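Right, one structure below, let's go through it.
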Amino acid sequence: MFLALLFLLSGISTASAASTIKIDLEEEYYTKAGEKTVFLFEGTLEQGKSWGPNTAYLWEYKLPEADEWNWLPTPKRRLESLVRITRDMSGTLVQTEIFSTVGNGRAINLTINNTPVELNGAQFRATIGSDNKQSKVATLYVYEDVEIKTVPSDVMIFEGEDASFSVEPVSTTCVTYQWYKGTVSAGNMIAGADENTLVLDNLQTDDAGTYVVVVSGYKNESSETVSANLTVFEQPVVSPKNAAIGSEAVFSVDGGDAYTYQWHRGTPGSGTAVGDGTRVYTIEETQTDSAGEYYVTITAGSTTITSDSVELNVVSFSAQPEDVFCFAGKTASFEVTAPRGATQTTYQWFKGTPGAEATIIDGATGSKLEWTDTEPVSKDDEGTYFTVVTQTFGTGDDAETVILTTEPAQLTVFEQPAVSPKNAAAGTEIVFSVSGGDDYVYQWYKGTPGSGTPVGDSGRVYTIEEAQTESAGDYYVTVTDSKDATITSDSMDLNIVILSAHPENTYAFAGKTAGFEVTANGADETTIQWYKGTPGAEATIIDGATGSKLEWTETETVSKDDEGTYFAVVTQTFGTGGDAETVVLTSGTAQLTVLELVCADNTVEDGEDVMFSVVGTDGQTPEEIKTEWTYSWYENDGNGWNLIDGAAGTDYKIEGISTDKDGFEYTVRMENGQLNLEAGAIMVTVTPKPNDSSSGSGGYGEATVIPAEMNIQPNTIAFEAVAFTEIENEVAVIENKIEEIKPKMSPTLWIAAAGALLLVCASFLLIYAGKKKKREE
Numbered sequence: 001m002f003l004a005l006l007f008l009l010s011g012i013s014t015a016s017a018a019s020t021i022k023i024d025l026e027e028e029y030y031t032k033a034g035e036k037t038v039f040l041f042e043g044t045l046e047q048g049k050s051w052g053p054n055t056a057y058l059w060e061y062k063l064p065e066a067d068e069w070n071w072l073p074t075p076k077r078r079l080e081s082l083v084r085i086t087r088d089m090s091g092t093l094v095q096t097e098i099f100s101t102v103g104n105g106r107a108i109n110l111t112i113n114n115t116p117v118e119l120n121g122a123q124f125r126a127t128i129g130s131d132n133k134q135s136k137v138a139t140l141y142v143y144e145d146v147e148i149k150t151v152p153s154d155v156m157i158f159e160g161e162d163a164s165f166s167v168e169p170v171s172t173t174c175v176t177y178q179w180y181k182g183t184v185s186a187g188n189m190i191a192g193a194d195e196n197t198l199v200l201d202n203l204q205t206d207d208a209g210t211y212v213v214v215v216s217g218y219k220n221e222s223s224e225t226v227s228a229n230l231t232v233f234e235q236p237v238v239s240p241k242n243a244a245i246g247s248e249a250v251f252s253v254d255g256g257d258a259y260t261y262q263w264h265r266g267t268p269g270s271g272t273a274v275g276d277g278t279r280v281y282t283i284e285e286t287q288t289d290s291a292g293e294y295y296v297t298i299t300a301g302s303t304t305i306t307s308d309s310v311e312l313n314v315v316s317f318s319a320q321p322e323d324v325f326c327f328a329g330k331t332a333s334f335e336v337t338a339p340r341g342a343t344q345t346t347y348q349w350f351k352g353t354p355g356a357e358a359t360i361i362d363g364a365t366g367s368k369l370e371w372t373d374t375e376p377v378s379k380d381d382e383g384t385y386f387t388v389v390t391q392t393f394g395t396g397d398d399a400e401t402v403i404l405t406t407e408p409a410q411l412t413v414f415e416q417p418a419v420s421p422k423n424a425a426a427g428t429e430i431v432f433s434v435s436g437g438d439d440y441v442y443q444w445y446k447g448t449p450g451s452g453t454p455v456g457d458s459g460r461v462y463t464i465e466e467a468q469t470e471s472a473g474d475y476y477v478t479v480t481d482s483k484d485a486t487i488t489s490d491s492m493d494l495n496i497v498i499l500s501a502h503p504e505n506t507y508a509f510a511g512k513t514a515g516f517e518v519t520a521n522g523a524d525e526t527t528i529q530w531y532k533g534t535p536g537a538e539a540t541i542i543d544g545a546t547g548s549k550l551e552w553t554e555t556e557t558v559s560k561d562d563e564g565t566y567f568a569v570v571t572q573t574f575g576t577g578g579d580a581e582t583v584v585l586t587s588g589t590a591q592l593t594v595l596e597l598v599c600a601d602n603t604v605e606d607g608e609d610v611m612f613s614v615v616g617t618d619g620q621t622p623e624e625i626k627t628e629w630t631y632s633w634y635e636n637d638g639n640g641w642n643l644i645d646g647a648a649g650t651d652y653k654i655e656g657i658s659t660d661k662d663g664f665e666y667t668v669r670m671e672n673g674q675l676n677l678e679a680g681a682i683m684v685t686v687t688p689k690p691n692d693s694s695s696g697s698g699g700y701g702e703a704t705v706i707p708a709e710m711n712i713q714p715n716t717i718a719f720e721a722v723a724f725t726e727i728e729n730e731v732a733v734i735e736n737k738i739e740e741i742k743p744k745m746s747p748t749l750w751i752a753a754a755g756a757l758l759l760v761c762a763s764f765l766l767i768y769a770g771k772k773k774k775r776e777e
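So the sequence shown is numbered by UniProt numbering: it starts at 1 and just counts up by one.
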């Protein structure tokens, strides 16, 4: 640029002055390739003077995409000269010509003959005169006839995707574009589609068709029309989208036979090929692992397009009802877990088998079928159950309904275990049993359910061969199935019926009260019958003895004949109606031992001994009362009973009684820690010793009948000063004879002799009675 300025300055005429631009360069020049381009720049000097022959000028240019200007030097600067130069402008031959103009003014021209397309976009400017007057910058556009280099390609896509068509002319200079859908007509013009690329987004099937572009040159001197086809495939579908497990699912896509199809399972672009390469892919029986994404690729020639994925939802139960077994009277339930994702789910439970006759269960419309504490399971509920689940996916026209039926589940109901008998006497066989098959394991327990102790041999039946009192209590059973599920029954109460109290051996003095007692509890009804004798042998029923006590009262006292063993038979009834059970218990035997307080002779003379003894009915003192009892002897002098010191045995002897004890009463009290007995009192009569004068002719004294209230044997005769010398002598003789022959006598003869002695005594008494009667007369 500096050299160019020097060039201009060196040619400035001294006569020249400031100049003005008369004709400036245009900003744009359009030239068809190969034709001439002329740049004209004209100016005048000040005061109307034209440029002179010596006026200097300079042309500059800048090629497309260049950053600097370059100048075109000329060999001669005079305006009237005709200069033709050829210069290589970036490999392009450019011929410049300077011509003189005709007229008052002067002009400079830059002419480019056979303008090459490489100058398209080049810029030019001129500088002239001593004052370096510079022209506008002119841009040269070199255009050609429209020629298409690349035509738009056919496009196939899936709906919802974008597409584009592009056209590329050989030269883009002065080229315009207009796209149409269908034929080229104003009605089919695509507004705003005036670039070489047409972009269409979110295309639908009705966007398919032919797209045409008209490529026009400078001032429409030339144009070309090309077209391409757009094919829009609908996205693939699956029917149904929500398929019940085991049902058919069909995938399909629209299209003709001219295309190749391939289905894939997985995420688009990375799935696994499935199907047989046709437009339709069918899964005949869906399984849970059939669920997922599927897509299809369509190939035409070298072009392959990939669809969006379509999702198959295989509707299956997360959890189906399982077999249940339980005891009657317990709670139970079936439950189903329906698939997620449904907009609506309904349930209906049935009893029976799907496909056969089944009974709808009213009100059973939830995910659970339950038997509760208030409505527990009964044996009638045993059977199979299933539920029909209806699910709706989506809403409106897109809604799909799926109906699923669960597999039938078995409810097995065990009756609560039974015990027979429930109420039993000790020693009775007890049988516990529960219904059920051999597919289960049974375990019996004694105790409270959940904390009992195992008993038995794990069978369905548990037997106690001889129940004892400790056998009583709660029993229950557990049942375990093949899946190790265990159920526990209610408890059963085994009642071992025993007598709370058995009659015990007792003692009583003749003429006194006594009694036995038996205690039985817990029954709804109890009856008792007393017997005298031994159970299992001949025993005598005691009329009227049907209470818990067998008693001898003040009005019906104990006699010697009452001695013996006694027992009670207790009959107890538990429950009522058909459930009633009867238990018969026999008490232990109890011995009634009848005692007597005896005195060998309670009428004695002064100074004689008096002996009192406690004896049994056999006249002997029972051995057991000698050691197991304590004795207290009492004396009544008419002023009350007084304990006799030192008298503590079964016998009490008064040695040498005196007449001052005449009329005294004696009794004994005995106890063994359980019984306290008191014998009837015996009155002692003490008479003075007889003397010779008083003996008379050996007659008998007056006899006095002692009243019964004196507590001595009633109607016993007491004699006043009776001399029994003759009687005693006779008796003594007989006794001596008996003693002599006693060792030689058999027991039978000995008893006969004793009887003879008694007859003699009786004879003497009759003689005495006769004499007494004569005296009274």
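Glycine included, every Cβ here is placed at the ideal spot set by N, Cα and C.
Remember, predicted model here, so these are calculated numbers, not experimental data.
(message) Count Cβ pairs between the segment 190-200 and the segment 264-277 that sit closer than 8 Å; are there 3 or more?
(response) no
Close-in-space but distant-in-sequence residues of the same chain around Val280 (CB under 6 Å, 5 per side omitted):
Looking up residue 280 in the sequence shown gives position 280. If we look at Val280 and ignore the five residues flanking it on each side, its Cβ neighbours are Ser252.
task = Going by CA-CA distance only, name the one from Pro535, Thr571 and Gly607 that's closest to Asp524.
result = Numbered from 1 along the sequence shown, position 524 holds the residue referred to as residue 524. Nearest C-alpha to Asp524: Thr571.
Close Cβ partners of Thr286 (< 7 Å) along its chain, the five nearest in sequence each way excluded = Residue mapping note: residue 286 aligns to position 286 of the sequence shown, counting from 1. Here the set comprises Ala243, Ile245, Gly246, Ser247, Ala249 and Val314.
TODO: Starting from Lys368, follow the beta strand (DSSP E) in both directions and report where the run begins and ends.
DONE: The residue you call residue 368 lines up with position 368 of the sequence shown. Here the beta strand (DSSP E) through Lys368 covers Lys368 to Trp371.
Quiz item: Below 9 Å between beta carbons: does that hold for Val402 and Gln391?
Solution: Here the question's residue 402 lines up with position 402 in the sequence shown. Here the question's residue 391 lines up with position 391 in the sequence shown. The answer is yes: Cβ separation under 9 Å.
* Close-in-space but distant-in-sequence residues of the same chain around Lys330 (CB under 7 Å, 5 per side omitted) -> Here residue 330 refers to the residue found at position 330 when the sequence shown is read from its first residue. Contacts found: Pro376 and Val377.
Exercise. Of all the options Ile541, Gly515 and Ala590, which has the alpha carbon lying nearest to the alpha carbon of Ser559?
Worked result: For the purposes of this step, residue 559 is identified with residue 559 of the sequence shown, where counting begins at 1. Checking every option, the nearest Cα to that of Ser559 belongs to Gly515.
*What first and last residue would you give for the beta strand (DSSP E) that runs through Glu605?*
As a working mapping, residue 605 is identified with position 605 in the sequence shown. Here the beta strand (DSSP E) through Glu605 covers Thr603 to Glu605.
Requested in this report: Kindly list the residues whose CB is nearer than 7 Å to the CB of Thr534, restricted to its own chain and excluding five residues on each side of it in sequence; keep chain order.
Outcome: Within the sequence shown, residue 534 is the residue found at index 534, counting from 1. Here the set comprises Thr565 and Thr589.
So, for Ile360: in the same chain, excluding its five sequence neighbours on each side, which residues have a beta-carbon less than 7 Å away from its beta-carbon? Against the sequence shown, residue 360 aligns to sequence position 360. Taken in chain order, the residues that qualify are Gln348 and Phe350.
TODO: Tell me whether Glu470 sits in a helix, a strand or coil according to DSSP, three-state version.
DONE: Here residue 470 is taken as the residue at index 470 of the sequence shown, counted from 1. Residue state, collapsed to three classes: helix.
- Find out if the Cβ-Cβ distance for the pair residue 779, Ala122 is shorter than 9 Å. Only positions 1 to 777 of the chain appear in this structure, which leaves residue 779 out of reach.
At least three beta-carbon pairs within less than 8 Å, the segment 592-612 to the segment 430-450 | As far as the Cβ criterion goes, the segment 592-612 does not touch the segment 430-450, which means the pair count is below three.
query = Roughly how many whole angstroms lie between the Cα atoms of Val431 and Val419?
reply = Counted from its first residue, the sequence shown places residue 431 at position 431. Counted from its first residue, the sequence shown places residue 419 at position 419. If you take the alpha carbons of Val431 and Val419, they lie about 6 Å apart.
#### Entry: Host alpha helix (DSSP H) of residue 785 (start-end)
Residue 785 lies beyond the residue range present for the chain, which begins at 1 and ends at 777; the question has no answer from this structure.
Worksheet item: Grouping DSSP H, G and I as helix and E and B as strand, with all else coil, what is Leu203?
Response: Here residue 203 refers to the residue found at position 203 of the sequence shown. In the three-state DSSP reduction, Leu203 falls in the coil class, being neither helix nor strand.
Own chain partners of Trp629 with C-beta closer than 6 Å, once the 5 adjacent residues on each side are dropped: If you number the sequence shown from 1, residue 629 lands on position 629. Same-chain partners within the cutoff: Met670 and Asn672.
Point to revise | Residue interval of the beta strand (DSSP E) (run including Gly383) | key: The residue labelled residue 383 in the question sits at position 383 within the sequence shown. Gly383 to Phe393 is the extent of the beta strand (DSSP E) around Gly383.
Q.
If we require 3 or more residues per run, which beta strand (DSSP E) segments fall completely within the segment 285-328?
A. 292-300, 303-306, 310-315 and 324-327
- prompt: Which same chain residues, not among the five before or five after Phe724, have their C-beta less than 6 Å away from its C-beta?
  reply: Position 724 of the sequence shown holds residue 724. With a pLDDT of 46 at Phe724, under the threshold of 50, the modelled position of that residue is not reliable, and no figure is offered here.
Next item on the list: Give the single residue among Asp373, Gly394, Asn423 and Glu407 whose Cα lies nearest to the Cα of Tyr385.
Entry: As a first step, residue 385 is located in the sequence shown; it is residue number 385 there, counting from the start. It is Glu407.
| message | My output table needs one value for Tyr218: the three-state DSSP class, helix, strand or coil. | response | For the purposes of this step, residue 218 is taken as residue 218 along the sequence shown, with counting starting at 1. Three-state DSSP puts Tyr218 in a helix.
query = Leaving out the 5 sequence neighbours to the left and right, which residues in its chain are closer than 6 Å to Thr428 when beta-carbon positions are compared?
reply = Translated into the one-based positions of the sequence shown, residue 428 becomes position 428. Same-chain partners within the cutoff: Ala467.
- Task: Find out if the Cβ-Cβ distance for the pair Val142, Arg125 is shorter than 9 Å.
- Result: Looking up residue 142 in the sequence shown gives position 142. Looking up residue 125 in the sequence shown gives position 125. Result no, Cβ atoms of Val142 and Arg125 do not sit closer than 9 Å.
ask   = Does the Cβ of Asn120 have 16 or more other Cβ atoms within 10 Å, making it buried, or fewer, making it exposed?
value = For the purposes of this step, residue 120 is taken as the residue at position 120 of the sequence shown. That one is buried.
Please report how far the alpha carbon of Thr557 lies from the alpha carbon of Gly456, in whole angstroms. Mapped onto the sequence shown, residue 557 falls at position 557. Mapped onto the sequence shown, residue 456 falls at position 456. One Cα belongs to Thr557, the other to Gly456, and the distance between them is close to 54 Å.
Selection from Val594, Gly649 and Tyr634 that minimises the alpha carbon distance to Thr667: In the sequence shown, residue 667 corresponds to position 667, counting from 1. Comparing Cα-Cα distances from Thr667 to each of Val594, Gly649 and Tyr634, the minimum goes to Tyr634.
Given that a residue counts as buried once 16 or more other Cβ atoms are within 10 Å of its Cβ, and exposed if not, what is Ile528?
-> Within the sequence shown, residue 528 is the residue found at index 528, counting from 1. Classification for Ile528: buried.
Given 8 Å, three or more beta-carbon pairs between the segment 159-175 and the segment 63-71: no
Reduced DSSP secondary structure (H/G/I, E/B, other) of Asp637: Along the sequence shown, one-based indexing puts residue 637 at 637. Coil at Asp637, not helix or strand.
Does DSSP classify Ile117 as helix, strand or coil?
Reading the sequence shown from its first residue, position 117 is the one you call residue 117. The question names Ile, but residue 117 in the sequence shown is Val. It is helical.
Notebook entry, point to check: Where Asn691 and Thr659 are concerned, what is the direct C-alpha to C-alpha distance, given to the nearest angstrom?
Noted result: For this step, residue 691 is matched to residue 691 along the sequence shown. For this step, residue 659 is matched to residue 659 along the sequence shown. Using only the alpha carbons, I get a separation of about 16 Å.
Would Tyr476 pass as a contact of Leu595 if the rule is Cβ separation under 9 Å? By one-based count along the sequence shown, residue 476 stands at place 476. By one-based count along the sequence shown, residue 595 stands at place 595. Not closer than 9 Å, so no.
Residue span of the beta strand (DSSP E) that contains Met156, given as start and end: Taking the first residue of the sequence shown as 1, we reach residue 156 at position 156. Val155 to Phe158 is the span of the beta strand (DSSP E), which, as asked, contains Met156.
In whole angstroms, what is the alpha-carbon distance linking Ala703 and Thr593?
-> Within the sequence shown, numbered from 1, the residue matching residue 703 stands at position 703. Within the sequence shown, numbered from 1, the residue matching residue 593 stands at position 593. A caution first: Ala703 carries a pLDDT of 43, below 50, which makes its placement in the model unreliable, though a value can still be read off. Cα-Cα distance, rounded: 35 Å.
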